[in-house]
Structures are given as structure tokens and as C-alpha cells.
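I have placed the structure first, in the form of C-alpha cells, so that the comments after it can refer back to it.
Protein chains: 2
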Amino acid sequence: MAKELKNFTKRADNYSQWYNELVIKADLAEQSAVRGCMVIKPYGYAIWEKMQRQLDDMFKATGHQNAYFPLLIPKSFLSREAEHVEGFAKECAVVTHHRLMNDPNGNGVVVDPEAKLDEELIIRPTSETIIWNTYKNWIHSYRDLPILVNQWANVMRWEMRTRMFLRTAEFLWQEGHTAHATKEEAETEARKMLDVYAEFAEKYMAVPVIKGVKSENERFAGAIDTFTIEAMMQDGKALQSGTSHFLGQNFAKAFDVTFMNKENKPEYVWATSWGVSTRLMGALIMTHSDDNGLVLPPKLAPIQVVIVPIYKTDSDLQEISDKVKPIVEKLQSRGISVKYDDADNKRPGFKFADYEVKGVPIRLAIGKRDIEQGTVELMRRDTLEKEVLPLKGIEEHIVKELDDIQEALLKRALENRMKRTITVDTYEEFKEKIEDGVFIMAHWDGTPETEAKIKEETKATIRCIPFDGDTTPGVCMVTGRPSARRVLFARAY
Amino acid sequence: MAKELKNFTKRADNYSQWYNELVIKADLAEQSAVRGCMVIKPYGYAIWEKMQRQLDDMFKATGHQNAYFPLLIPKSFLSREAEHVEGFAKECAVVTHHRLMNDPNGNGVVVDPEAKLDEELIIRPTSETIIWNTYKNWIHSYRDLPILVNQWANVMRWEMRTRMFLRTAEFLWQEGHTAHATKEEAETEARKMLDVYAEFAEKYMAVPVIKGVKSENERFAGAIDTFTIEAMMQDGKALQSGTSHFLGQNFAKAFDVTFMNKENKPEYVWATSWGVSTRLMGALIMTHSDDNGLVLPPKLAPIQVVIVPIYKTDSDLQEISDKVKPIVEKLQSRGISVKYDDADNKRPGFKFADYEVKGVPIRLAIGKRDIEQGTVELMRRDTLEKEVLPLKGIEEHIVKELDDIQEALLKRALENRMKRTITVDTYEEFKEKIEDGVFIMAHWDGTPETEAKIKEETKATIRCIPFDGDTTPGVCMVTGRPSARRVLFARAY
């Protein structure tokens, strides 16, 4: 391992610190000069781009198109939907002026007091309001429906405590906003997009998720129902990884968006919205990585295979490079992204450590003796296991190995979650067990008050009422009142 | 033509109005509720996405990586580079507060006076300052160079007069920001990226451009040299379509970014920046479109081929659909985006007009008689010419036709520019001819004062000092002083 990793905090010692260091050491992101805003570095952004491309393909395959709406929202728009304003018109960036001028005292530039806006503008914390104000002009008849639009954008919420990727003032995300003629169609859409998120999380991120519906306390401000995918991190805490909202007619009513139905009668339009963000990067990191650094699922790794030559002389390097070249070409022709790192200003040991920290799924090391013997050393990042293999047919082996790693990561994450998911019947036991970092299935009386009390006393929240799982009625562990079914509790990021 | 197009303004009558109407009628964009900010509609955004994807591939092929930097810039950063502050710290969106609160008088929400920021934040008008402040931490040794980074982002400049795509308060763009160890390397990079832009404009947009360097008056605030590609619109006006700046060591000095060179001596880093924006959409529209609507080059058309069935009965439609299906599949397998529009709530005439306004390069119409005779009617959007062709082998024909259209559009645009480019020797003639909408090659004494006088009196500016073209010395048409060579004048968007 390279020197700088010696001081790497271990997960067991301080999981939170380990995460913060990993984000820096794997070159994913860093704090910027602007409070709570991060710089996403090229390596981190390359992973996000792979996520974007895959999600975008899945959105298009389900009939959605991209569009772009303004960054700024008139302040008054936020007040239109009664619950939405409570949720979003709080901590946000407010634009009040549109001009700077030279400081009369010669100290750089100052705000020009004459350039005050008539109405303040808010940097979008989410775009329901500006989009429904726009949809008003797009929708007249049932023939204009459905509208299936998505936007890739930056948004801003003035969070007090920030952590890179998990909670930042500015973050990148996609927000889908759809409009429908019927309640059923909108509900189906909201559920469909949750399925898309779950498929993406499991198939590409190798992150198993629990699908369910949020309780009233945790619902999106302005939604009738919020559906969620919840993932378990290695420390047993939950990370809400994507949400899809059935908005009913709330925004249509707030922005007066009606359509003429087939019977030529006006009706309010039904809505959904759904989003995932750069927060997914946090889920990816915290699900798979280890004390040596990042571990990436092959499907999202910017570099899937790295090949490091081990040589003493230039002619050794030449010989190795000649042997490696056709392997690189064959891997690339199979769509595998491969890097041959023959940089001569870094030692192999440094390179090994660097690609390990960066989570490259497969590393090949090849030296002069390997060439003579027709072999190559392969290391899997997930298990850190090394194996000496014949060079002949190595491409086939790599293709299979990448699939194996992808599966193994999902399996390991799933096993971790199963091991740490328990059923609890008394509040005493709940309070004790929640300290261990677990998902707890418990009975709850269905009231916001009881949920608030549990949160207050244990820092655990209802992550969701799972679509699957035990639906046997019982009694609330806190109040003893009837409970329709067990729900999922956990502490969360 | 469908009814709504009857009132479509003709280019000859009012080019500017024609443009504004076209943007709306082709469903590309619309004004939003926020002054000067547009909504990019799905069809417009689909064209922008095609541009983005192609440019992004070209950036990556030239060794660049994407990253993401904060939207907001501390006000003081703008003052660091003396010229930059003059150019960009003027009309911009200023964030002064970070919270809203319920109005004590019950009128929605108001700015919380207690949530005033210590230092105001500016929505980025361009990102040199925040990026060079970041690069300071990335660059220590020559080994850290070059840095070849690009960002896809939204930016904001509080323009007084806005026009969709051409000049909007918020716009989308990419901005490349590179750091180099030597002046030569940075200059080469700036020129290389200009070549990438020129290649993109000509090969994909079918927009011929003139490459050159800007005069002092037109240079980017903070640059040593600004390179530009200038395109001629159909009305003879110029549109600056992309710029690439050699920034020297200006930003390195402003943000104190040095590196240890190979001799272990500190040196300031050399920089470039380069960008193209949604303005390219304006260039695309104004170069090719006609009185019937948008004309798109096939390489950027979201739909390259549309197939419209002409039928009376359901069984006719079935027969046509059966015949069309394998054609669609064959075209798709060749990477051609094709839409079979069998919607039954619109008449063929309406569909024809709609796809015409939207600039779909090739339209096929197929009726029952065509099926019997084994024929199909093909219309080219650029020439509006119709041709009846054998159905057999139509895919081959379409592939060739798309290439033809792409070439024909570039050729037509180039011819228009040649026809409208003249050489002028006297200021009298200049003032007369500039009214016709032309590019004028004329002698100029090289001073900002003479350029300013010409702009003041004729509204024409020096678009660039072209890299190619006549370099014979002469005398300035205004002052009679010596001129090193002819430069390119035009009125511009």
C-alpha cells in the first residue's frame, strides 16, 4: 500500500470518518470555497456519468423525454401549494439583486442597491412549481396527455450540516414530472418509476433495496403518497436512495391546470414526480467499499480492468507492451473499459495501491517472467484475491470474472442486510437493538405522534411500509394499540 | 400546410420575427415565467442532447474529462482578475439570503432578514474564478499537468434584451478549463479546441465557419487571445458560435497557482478556457430553416425519417403497417432514428405539416396504392422535392439520401456565405454595403478606437482576424493609416 493510505481510518473504528476520507482519497470529490457545495472531481464524475447514461436509457425506454426548465423560481410560486411551501420555502438560496457595481470606496465590487428585483427569485430546491406553471400552457385536452418529461439539473437546499454526496447544499439530480388524465394512470407511473429505480440500484449499483411507501411524517411536501427505495449501508443505517411521488391533483389545483376529458368536461390533471441524485454516489460507496478504499461494481466502474507492467529495462517493457496490446484491443472490442498503465514515473506498488483505492474491479499485473511462462496475475478488488492465470484466453476469463464480481457484490450486500434485519416486539428491545445498527421490523399504531416519539427517543424513523413482507396485524410496540402490519424502522443518513 | 402555419411570417418580410415564431412553432422552446429565462421543450432539448453527445465524444477523444464545480461563486472571487471583473461582475444574479419565512402579515413567504449571507454569492456567469481557486489545490508539480477538464453546466448573465437560444439570462453550455506547464502547450490546446468546434459545426451542424482571432475590443475579459468560429446566418449577419481562449498566466496569478517545474523552480500555470452553448441552437435554426419551418441536418435530427400511412380503413392500415414494420427495423438496425406515425387522431395533412415545421429530413408517405404497386413517396425536407420510389431497397436509398441532405445543407450555406462576402476598400462603400447583410473583408489600422468608431457608425464589428485569407498589407479604410491585412467585419447577433 502507498504511504498515504497508512493513516486511512478503518470502518470499525469510525465509519463516518472512513467515509469522509475515502471520498477524498479515491479522488471522488472535495469541499469547495462555497459553504456546503462540493466539487465533483473527474473520477467521481465519471461514475456519475455512467449512472446518468444508464438511468437516462431506462427513462427513455419507458417513454420519457428530457427537457429543461429555469433554475430560478419566483418566490410566490412556492406559496401556491400549501404543504409544499412548508417543506421547501425554508432554507434556500434567494436571489434579490441582478447587478454588482464597483465599490465607491474602492474595495472590489458591491451589490448595486438600485438593482433590487421586484420579486425575489429562489434557486430551485425542486421544480414542481415552475414546471406545473409551464404545464398549464401545454395541457388543454386529454389528447395532450400524458406528458412524460424528465430533467437533469442542479438543485439547491441550504442544508445546515452537509456531507459530500449524502447531503450538500447544491446537488445534481434528475427529476421526472409527469401529467396524466386519470388517477390510476398516475399511480401506475409513480410505481413504475420506483421499479425502474429499484432495478437500477440492484442490477447496476449492486445495491439491494426495499421498496415501500413512506409514512405521513416522511412524505414529500405536496404528495399524496411517496414511494421509496431504502438501502442498508454497511453500518446498518438506511439510505433513502430514490423516491417517486404520486401527487394527486395537488399541483394541478395549485396552478390551475385542467384538461377537457373525452366527454368534453374540464378535470384537474393528475401528477407524479420522481428523482434520484448524486446521493446515489454515497449509497454506492457505503455499500461496497472496504478499509483499502473504494470497491466499484463493474457496471459502473469508469475503468473496469487495469493492466500494470512490471519491468526493469525498456526492452522488458517493450516486450510486455507488445503482449498486452492485443489483449487491450480484444477487451475493448467487447465493450470493456481497460487502462494499460505504463507510466514510468510511478512504481508498480504505487499504482497497485492507487487503483485499489479507486476500486478498479480487476487488476492484471504482468512481468517478464509471466511473458516467458505465458501467465498473468489477476487480482479481484472485491475479495483482494490474487490468481496466476494463463495469458491465453484471459479475455474470456475477465468477462466472466466481471460478471462474477457484479453478482458477488449484490449477494454480499444482501447477506449483510439479512444478517442485520430483525423483528422486534417490545419497545425496550427496540431501544436496545437499534444501537447495533439494524433494520427493525416492528408494529406501530399508524399515528404520526407515535412515530415522532420513537424518532425523538431513538433517532430511528420509519423508512417505509414495505410492499413485500409480513402483513400480519399485531399491536404497537409503544402504545399497545392495534397495528395493521409491521413496518421498517432504522436510523438513516 | 396545417392552418396554424398560414400566418407564419416569411423570412423576407421579417427575419427576426420569423425566427421567434419558428422557435415556438417547431416546439423548440418558450418563454418562462422568469424574465429572460426559457423553457427548452422536449423536441428542442432532443436536438441539444444530440449536440452534447457528439461534442462530449470529441472532447473525450482529445483527452478531456468532465467534472462539476459549484453554481455559486463568492463575490470577492470576481474581483481577483482585473479585466475579468469588468466583463463579468456587472449584470448577474446575486444571492444575498439563505432563508424564507412565513410573512408575519400572512401574505405567503418573505425573505428572512436574519438569514443574510456574510458574503454575497453570484450565480456563475462563467467559472474561471471558482475553478482556478480549486486548481490551486490540485497543482503542485509539473507531474500534475496538464489538467484537461470540461464541465456541462447552466450559467447566468442578466441580459437586458433576450432572445430564445441566442441570448437568454440562463443558458446551458460546456466550459473547458485546462492548465498547462508551458505557454506553447496552452496555445496549442486553445487552437485545438477551436478546431474541434469548427469540425463539429461543419460536419454535424452543416454550418460553415470562419476561424480567427478576436480583436482587443471583442476579446474575453481576462484572456490574452480569444479564438472564435463565426458563422453567417441567412440574413448575412454573423453569429459567434464558439470561442476558445488562451488565458496566459492571468488566472494563475490572480489565484496564485504555481507549480514546480522539472528544474524544481516555481512557475505560474498557463491556462485556456473554451465554450459553446445553447446558442448553437440559434445558429442551427438560422442557417438552414425556411419559410415552412425548421430544416435539420440529419446528423442532429432527433427523428431522421418519418413514415406516414395514408389509409381509409383499418384493414388498409394493417396492410400498410405490415409492410412498413420490416423497413423500420432495417433502418433502425443501421442506426437511423425512424418514427412510424400511425396515430389515428390526426389526418395525414396535419402530420405532413407538423413534421415539415419540425424539420424531419425525410418523410415517407405510403398508401394502399403504393402497396399494390410496390412504391413509396419520399419527400426531402431541404428541397421539399417529392419522388416516388420502389419500396424494395428503400433503406439503401434513405441512407444515401440522408448523407446527401447533410452535404447539400453545408454546400448551400457555404454558397450563401460566399455570395454575401465582399471586399471593400472605402468607408463610404462599407457603410452602403453593410446595409445589405454581408461579410466585409476590409483594411483596418489595428486600433480599438477605429473599431469603436466603425461600430458606433455602422453597428458592424470586427468578427475576427481570419486565420486564412488575404494577408496583403494595405491602408485603413477609415483613417488611411497602414493596415497589416484585411479583417472580417459584419453586423452580428
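As they're listed, the protein sequences go chains G and E.
Quick note: the first sequence uses my numbering, first residue 52, plus one each step.
Quick note: the second sequence uses my numbering, first residue 52, plus one each step.
For every residue, glycine included, the Cβ atom is placed at its ideal position computed from N, Cα and C.
Pick out whichever of the options has its Cα sitting closest to the Cα of residue i.
i, options, result
"E/Arg432", "E/Glu480, E/Ser388, E/Ile198, E/Leu347", "E/Leu347"
"E/Val389", "E/Ala144, E/Gln355, E/Gly95", "E/Gln355"
"G/Leu331", "G/Asp455, G/Leu106, G/Ser83", "G/Leu106"
"G/Met256", "G/Val475, G/Gly425, G/Ala459", "G/Ala459"
"G/Val489", "G/Thr309, G/Asn268, G/Leu290", "G/Leu290"
"G/Ile280", "G/Glu250, G/Gly287, G/Lys484, G/Val136", "G/Glu250"
"E/Asn315", "E/His191, E/Leu415, E/Met89, E/Glu132", "E/His191"
"G/Thr364", "G/Ile456, G/Lys234, G/Lys419", "G/Lys419"
"E/Arg131", "E/Val160, E/Thr180, E/Tyr96", "E/Thr180"
Is there at least one Cβ from chain E nearer than 8 Å to residue i's Cβ?
i, result
"G/Tyr193", "no"
"G/Val145", "yes"
"G/Thr233", "no"
"G/Ile181", "yes"
"G/Thr177", "no"
"G/Thr185", "yes"
"G/Phe59", "no"
"G/Val200", "yes"
"G/Lys54", "Note that G/Lys54 scores 45 on pLDDT, short of 50, meaning its location in the model is unreliable; the coordinates nonetheless yield the value given after this. Closer than 8 Å: no."
"G/Ala97", "yes"
"G/Asn205", "yes"
Compute every distance between the C-beta of residue i and the non-hydrogen atoms of the ligand FAD, then say whether any falls below 7 Å.
i, result
"E/Glu452", "Ligands are entirely absent from the displayed structure, and the ligand FAD is therefore not among its contents."
Three-state secondary structure (DSSP) at residue i?
i, result
"G/Pro412", "coil"
"G/Lys92", "coil"
"G/Ala63", "coil"
"G/Ala133", "helix"
"E/Asp455", "helix"
"G/Asp367", "helix"
"E/Arg420", "helix"
"G/Arg208", "coil"
"E/Leu567", "The structure shown does not extend to residue 567 of chain E, since chain E is modelled only from 52 through 544, so no value can be given for it."
"G/Met337", "helix"
"E/Tyr391", "strand"
"E/Arg194", "helix"
"G/Ile449", "helix"
"E/Glu428", "strand"
"E/Ile354", "coil"
"G/Asp276", "strand"
Between residue i and chain G, is the shortest Cβ-Cβ distance under 8 Å, so that the two count as touching?
i, result
"E/Pro360", "no"
"E/Lys126", "yes"
"E/Cys515", "no"
"E/Lys506", "no"
"E/Lys304", "no"
"E/Lys141", "yes"
"E/Glu314", "no"
"E/Pro93", "yes"
Once you ignore the five residues that flank residue i on each side, which residues in its own chain have a CB closer than 8 Å to its CB?
i, result
"G/Glu210", "Gly87, Glu142, Arg218, Thr219, Ala220"
"E/Val264", "Asp276, Thr277, Phe278, Thr279, Cys515, Ile516, Phe518"
"G/Lys243", "Thr113"
"E/Val450", "Arg385, Ile387"
Residues in its own chain within less than 7 Å of residue i by CB, not counting five upstream and five downstream?
i, result
"E/Leu73", "Ile336, Ser340, Gly344, Leu345"
"G/Asn117", "Asn201, Gln202, Trp203"
"E/Ile445", "Ile378, Val427"
"G/Val90", "Ala80, Glu81, Ser83"
Looking only at its own chain, which residues have a Cβ that is under 6 Å from the Cβ of residue i, when we skip the five neighbours before and after it?
i, result
"E/Met527", "The displayed chain sequence assigns Cys, not Met, to residue 527 of chain E. These residues qualify, in order along the chain: His494, Trp495, Asp496, Ser534."
"E/Leu223", "Asn205, Thr329"
"G/Arg270", "Thr277"
List the residues of chain B that residue i touches, going by C-beta distances under 7 Å, in chain order.
i, result
"G/Val136", "Of the protein chains in the structure, G and E, none is chain B."
Exercise for review: Could you name the residues of the segment 148 to 166 of chain G whose beta carbon sits closer than 7 Å to any beta carbon of chain E, in the order they occur along the chain?
Suggested key: His148, His149, Arg150, Leu151, Gly159, Val160, Val162
**Study point:** Contact set between the segment 103 to 130 of chain G and chain E, restricted to residues whose Cβ is under 7 Å from the partner
**Key:** Gln116, Asn117, Ala118, Tyr119, Phe120, Pro121, Leu122, Leu123, Pro125, Lys126, Ser127, Leu129, Ser130
Check your understanding: Mind listing which residues of the segment 328 to 341 of chain E have their C-beta closer than 7 Å to chain G's C-betas, in chain order?
Key -> none
Check your understanding: Listed in chain order, which residues of the segment 74 to 91 of chain E have Cβ atoms closer than 7 Å to some Cβ of chain G?
Key -> Ser83, Ala84, Val85, Cys88, Val90, Ile91
Check your understanding: Going along the segment 345 to 373 of chain G in order, which residues come within less than 8 Å of chain E, judged by CB to CB distance?
Key -> none
Check your understanding: Residues in the segment 391 to 423 of chain E with C-beta within 7 Å of chain G's C-beta atoms, listed in sequence order?
Key -> Asn396
Check your understanding: Which of the residues in the segment 219 to 247 of chain G, read from start to end, lie with their CB under 8 Å from any CB of chain E?
Key -> Glu221, Leu223
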